[in-house]
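For reference, the structure is listed below as structure tokens.
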Amino acid sequence: MTSATLAAPRRHRRFRFGRVMVYVVMIAITLLWITPTIGLLVSSFRPADDVKTSGWWTVVTNPERARFTLDNYRVVLGIPIPDRPAPGGGTRVGMEVALINTLTVALPATIIPILIAAFAAYGFAWIDFPGRRPLFILVVAMLVVPLQISLVPILRDYVALRLGGTYLGVWLAHTGFGLPLAVYLLYNYISTIPRDIFESAFLDGATHFTIFTRLILPLSMPALASFAIFQFLWTWNDLLVALVFLGAEPRVQVVTQRLLSLLGQFGQEWHLLTAGAFISMIVPLIVFFSLQRFFVRGLMAGSVKG
Amino acid sequence: MRPTREITRSPEPRGIGAFLSTTLGRLIVSLFVPAITFLVLYQIFIFLRDTQIPQWITAIIAILWGVGGVLALFTLSNYLIEQLEPTWRRRLIPFVFVGPALAILTWYLVLPTIRSLIASLYDARGINFVGLDNYIYAFTSQEMLQSYRNNFLFWMIFGTGMSVGFGLLIAVLVDRTHPVFETICKALIFMPMVISGVGASVIWKFIYEYRPTGSTQIGLLNGIITALGFESQGWLLIQPWNNLFLVIIMVWLQTGYSMVILSAAIKGIPSDLLEAGRIDGANEFQIFRSIILPSIQGTLITVTTTIILFTLKIFDIVQSMTGGNFGTQVIANVQFVQLFRQVHNGRAAAIAIILLLAVLPVMYYNLRQFNKQTEAFR
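These protein sequence lines are chains A and P, in that order. Note that the numbering used here has the first sequence beginning at 5, numbered continuously upward. Note that the numbering used here has the second sequence beginning at 2, numbered continuously upward.
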């Protein structure tokens, strides 16, 4: 800031014109970027007939005729609407069920790989054992394997083990696909913790397990949080793993699956699509806006997801 | 008492007998303890799947059981090993730590690579050996050829180019604005990054929706076009340009990512370097070309390779927008169709192998670049 004022006087006019242009261009780009989301948000509060018969922007261009309602959200979440009969069983959207399912999938699918990866990262970084290096390289090498590789074999295993359609099956799949990156990132972090911290603990007779749970886990919280956000959003937004391993049973389907079938099944029920889509976005948006700092850090580190 | 020995990474005792016993012991610990835990977890989940109790109760039990089970696994195996004599304890403890990770990775990624390779040489049900038939399909069938064109030309070149280009442009511009303005712009442009591909598809349906000219448009793009007096267009039906309209959704999602990373890199350039350039009379474009670009080259490569990887594996946008119809097929979607609609395991496996081969060089390059930046392996 101070250095800019030094150079400014010499070409003051051009500098200021350029600055205004930068602001104009940036405002234009930002507006362009948020318009689609605003369109969805506005549409989700419009009555079903309006959504199907006029563009959402008429709310702005023709405000006196705009009408708003919460009915779309009520229908999608299965909340009864006053003065209207409840829809029959066939047209139930069941987004509330899907939300609980997504949470059931995403929370453990975030915590389990982090826990397993943190143990492994500590093991690779601070315990000496034969084969340590080749095994670590094997783990990192798995970063290159796209998850599509395991669909055919793992599906076969799941059929044999009757694991298809269980949460355990999906958690394990997400764990397997997230582990290489998690181990790699946490290793980078844990291996840089100063050695002195361990030495005094060892002198006091602490075991690896106590050192790990009492010292390393609390110290690694920033790294754990960064990866956790990344993995949580990844599992929340995932479609492929859910489609393949969770299956078509509506009772266990997650939000993305529900939304996909809404796109097909209720392809013309635009008002339900909007509310459904917005509900699926709320949790990621809350995570994003409240934990932005960790998120950006995790993103930088996590740019190598396989 | 030799407490410091453990962390000085002393060499292990050698000898065939010792090697066998430690290796066997580790194998038992690293495979059997997870296996037993898995069995117990498994039984509960079969119960949970078939039960009829209210859903939110199932959810809570499932979450607690899953997370608690993993914690129990580590605590239990550590407890068991701490009961052993010191030598054995020292030999086995590493595998309490790395065992579960290795077991899961072996099951989900290491073995599947080999098993997919084998499955790709067999027929739909994996019974008869068919040689390279599945690969002949993967390199000659109309849908796969179309996928290569779409994946490599539209998604990889256009998609990555636009994401990185826009990201760089925004990062450079936003760097010259007021910090508060900068934060708001960045947050808003970055926001789509957290939206799922399916959610984004719903959002963009309201942009691309087609109604014949004359009727009221509810898609924004056709609303604008018809207001300007042109005919309305079925954007998702015009081949091959409909691919470009799908790619734009991806660009909308990914630009925020490249912007944030590149912006951080630009902020890392020492300000006296830029100032020296300005004092020497360089204009903003020259500064960009000769100072900013070379300084962020490494980051630029990382961002580009990361987005290339994303585009090669693109699935959910295509699946939810067009289902791969109207000439918009992509590799990952063909695999999905082969796996579920055609139930052809051999072809699905062959496509997976091709995807692995396509991703491999990019990922290798990406990892090397990443290592250069973080010096992870020392």
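Virtual Cβ for every residue (Gly too), placed ideally from N, Cα, C.
Rounded C-alpha distance that separates residue 224 of chain P from residue 323 of chain P: Looking up residue 224 of chain P in the second sequence gives position 223. Looking up residue 323 of chain P in the second sequence gives position 322. Residue 224 of chain P and residue 323 of chain P: Cα-Cα distance of roughly 21 Å.
Between P/38, P/39, P/315, which lies nearest to residue 155 of chain P when the distance is taken from Cα to Cα? Against the second sequence, residue 155 of chain P aligns to sequence position 154. Nearest of P/38, P/39, P/315 to residue 155 of chain P, Cα basis: P/315.
Within chain P, the residues that residue 212 of chain A reaches when beta carbons sit closer than 9 Å: Taking the first residue of the first sequence as position 1, residue 212 of chain A is located at position 208. Ordered by position in chain P, the residues that pass the 9 Å Cβ test against residue 212 of chain A are 7, 79, 94, 95, 97, 98.
If you measure between the beta carbons of residue 356 of chain P and residue 332 of chain P, is that distance less than 8 Å? Locating residue 356 of chain P in the second sequence gives position 355, where the first residue counts as 1. Locating residue 332 of chain P in the second sequence gives position 331, where the first residue counts as 1. Against a cut-off of 8 Å, the Cβ pair of residue 332 of chain P and residue 356 of chain P comes out as a contact.
Identify the contact partners of residue 30 of chain A in chain P, using a Cβ-Cβ distance below 7 Å as the criterion. Working through the first sequence from its first residue, we reach residue 30 of chain A at position 26. Near residue 30 of chain A (Cβ distances below 7 Å), the residues of chain P are 174, 175, 178, 186.
Which two residues bound the contiguous alpha helix (DSSP H) that contains residue 380 of chain P? Nothing can be reported for residue 380 of chain P: it is not among the residues displayed for chain P, which extend from 2 to 379.
Could you tell me how far apart the beta carbons of residue 160 of chain P and residue 261 of chain P are, in whole angstroms, since I believe they sit closer than 8 Å? Walking along the second sequence from the start, residue 160 of chain P turns up at place 159. Walking along the second sequence from the start, residue 261 of chain P turns up at place 260. Contact doesn't hold; Cβ gap of about 18 Å is too wide.
Go to residue 275 of chain A, then tell me how far its alpha helix (DSSP H) extends in each direction, as first and last residue. Within the first sequence, numbered from 1, the residue matching residue 275 of chain A stands at position 271. Per DSSP, residue 275 of chain A belongs to the alpha helix (DSSP H) from 274 to 294.
If you count every other CB in all the chains shown that lies within 10 Å of the CB of residue 59 of chain P, and 16 or more means buried, which is it? As a first step, residue 59 of chain P must be located in the second sequence, where it is residue number 58. Buried, because 16 or more other Cβ atoms sit within 10 Å of the Cβ of residue 59 of chain P.
Measure the C-alpha to C-alpha separation of residue 300 of chain P and residue 285 of chain A and round it to an integer number of angstroms. As a first step, residue 300 of chain P is located in the second sequence; it is residue number 299 there, counting from the start. As a first step, residue 285 of chain A is located in the first sequence; it is residue number 281 there, counting from the start. About 29 Å.
So within the region 271 to 346 of chain P, which uninterrupted beta strand (DSSP E) runs reach at least 3 residues, ignoring any that extend past its ends? none
Under 8 Å, do residue 104 of chain P and residue 143 of chain A count as touching if we go by C-beta distance? Mapped onto the second sequence, residue 104 of chain P falls at position 103. Mapped onto the first sequence, residue 143 of chain A falls at position 139. Contact flag unset, no.
Suppose the cutoff is 8 Å on Cβ atoms and the five residues either side in sequence are ignored; what does the same chain contact list for residue 94 of chain P look like? Residue 94 of chain P sits at position 93 when you count from the first residue of the second sequence. Correct list, in chain order: 79, 82.
Let me make sure I understand the geometry here. Which of A/155, A/49, A/280 has the alpha-carbon closest to that of residue 264 of chain A? In the first sequence, counting from the first residue as 1, residue 264 of chain A sits at position 260. Answer by Cα proximity: A/280.
8 Å Cβ cutoff, residue 67 of chain P in contact with chain A: Position 66 of the second sequence holds residue 67 of chain P. Residue 67 of chain P counts as touching chain A.
Is the distance from the Cβ of residue 276 of chain A to the Cβ of residue 267 of chain A below 8 Å? Reading the first sequence from its first residue, position 272 is the one you call residue 276 of chain A. Reading the first sequence from its first residue, position 263 is the one you call residue 267 of chain A. The answer is no: Cβ separation not under 8 Å.
Pairing CB atoms from the region 117 to 126 of chain A with CB atoms from the region 165 to 183 of chain A, are three or more of them under 8 Å? yes
Is there a Cβ of chain A sitting closer than 8 Å to that of residue 89 of chain P, yes or no? Along the second sequence, one-based indexing puts residue 89 of chain P at 88. Answer no: the Cβ-Cβ gap between residue 89 of chain P and chain A never drops below 8 Å.
Span of the alpha helix (DSSP H), counted from its first residue to its last, around residue 172 of chain A: Translated into the one-based positions of the first sequence, residue 172 of chain A becomes position 168. 171 to 194 is the extent of the alpha helix (DSSP H) around residue 172 of chain A.
Give me whichever residues DSSP pairs with residue 123 of chain P in a beta bridge. Working through the second sequence from its first residue, we reach residue 123 of chain P at position 122. According to DSSP, residue 123 of chain P bridges with P/130.
Sufficient close CB pairs (3 or more, under 8 Å) joining the region 110 to 130 of chain P to the region 130 to 141 of chain A: no
Using the rule of at least 16 other Cβ atoms within 10 Å of the residue's Cβ for burial, across every protein chain shown, is residue 92 of chain P buried or exposed? Taking the second sequence and counting its residues from 1, the one referred to as residue 92 of chain P is at position 91. Buried is the call here.
Contact under 8 Å by Cβ, residue 291 of chain A with residue 236 of chain A: Indexing the first sequence from 1 puts residue 291 of chain A at position 287. Indexing the first sequence from 1 puts residue 236 of chain A at position 232. Cβ atoms of residue 291 of chain A and residue 236 of chain A: closer than 8 Å.
Tell me the rounded alpha-carbon separation between residue 218 of chain P and residue 122 of chain A. Counting from 1 along the second sequence, the entry for residue 218 of chain P is found at position 217. Counting from 1 along the first sequence, the entry for residue 122 of chain A is found at position 118. Their backbone Cα atoms lie some 53 Å apart in a straight line.
Name the chain P residues that come within less than 9 Å of residue 264 of chain A, Cβ to Cβ? Taking the first residue of the first sequence as position 1, residue 264 of chain A is located at position 260. Residues of chain P passing the Cβ test: 199, 202, 317, 320, 321.
Any chain P beta carbon closer than 8 Å to residue 48 of chain A: As a first step, residue 48 of chain A is located in the first sequence; it is residue number 44 there, counting from the start. By this cut-off, residue 48 of chain A is not an interface position.
Which whole runs of the alpha helix (DSSP H) in the region 183 to 256 of chain P are 4 residues long or more, in chain order? 198 to 209, 221 to 228
My output table needs one value for residue 20 of chain A: the three-state DSSP class, helix, strand or coil. Mapped onto the first sequence, residue 20 of chain A falls at position 16. If DSSP states are grouped into helix, strand and coil, residue 20 of chain A belongs with the helices.
When you compare only the Cα positions, how much space is there between residue 125 of chain A and residue 173 of chain A? Start at 1 with the first residue of the first sequence, and residue 125 of chain A comes out as number 121. Start at 1 with the first residue of the first sequence, and residue 173 of chain A comes out as number 169. Taking the straight line from one Cα to the other gives about 24 Å.
Please list the partners that residue 205 of chain P has in chain A, where partner means a Cβ-to-Cβ separation under 8 Å. Along the second sequence, read from residue 1 onward, the residue named residue 205 of chain P stands at position 204. Near residue 205 of chain P (Cβ distances below 8 Å), the residues of chain A are 40.
Residue 348 of chain P to residue 362 of chain P span [Cα, whole Å]: The residue given as residue 348 of chain P occupies position 347 in the second sequence. The residue given as residue 362 of chain P occupies position 361 in the second sequence. If I take the Cα positions, the gap works out to 23 Å.
Indicate whether at least one CB of chain C lies closer than 8 Å to the CB of residue 99 of chain A. The chain inventory of the structure shown lacks chain C, comprising the protein chains A and P.
Any contact of the region 192 to 207 of chain A with the region 217 to 224 of chain A, i.e. 3+ C-beta pairs under 8 Å? yes
So, is the C-beta of residue 162 of chain P closer than 8 Å to a C-beta in chain A? What you label residue 162 of chain P is simply residue 161 of the second sequence in a count that begins at 1. It does not: the Cβ of residue 162 of chain P has no partner Cβ on chain A nearer than 8 Å.
Given a threshold of 16 other Cβ atoms within 10 Å of its Cβ, counted over all protein chains shown, does residue 206 of chain P qualify as buried or as exposed? Within the second sequence, numbered from 1, the residue matching residue 206 of chain P stands at position 205. Classification of residue 206 of chain P: buried, given that the 10 Å Cβ count is 16 or more.
Spell out a yes or no on whether the region 164 to 180 of chain P and the region 237 to 244 of chain P are touching, meaning 3 or more CB-CB pairs, one atom from each, closer than 8 Å. no
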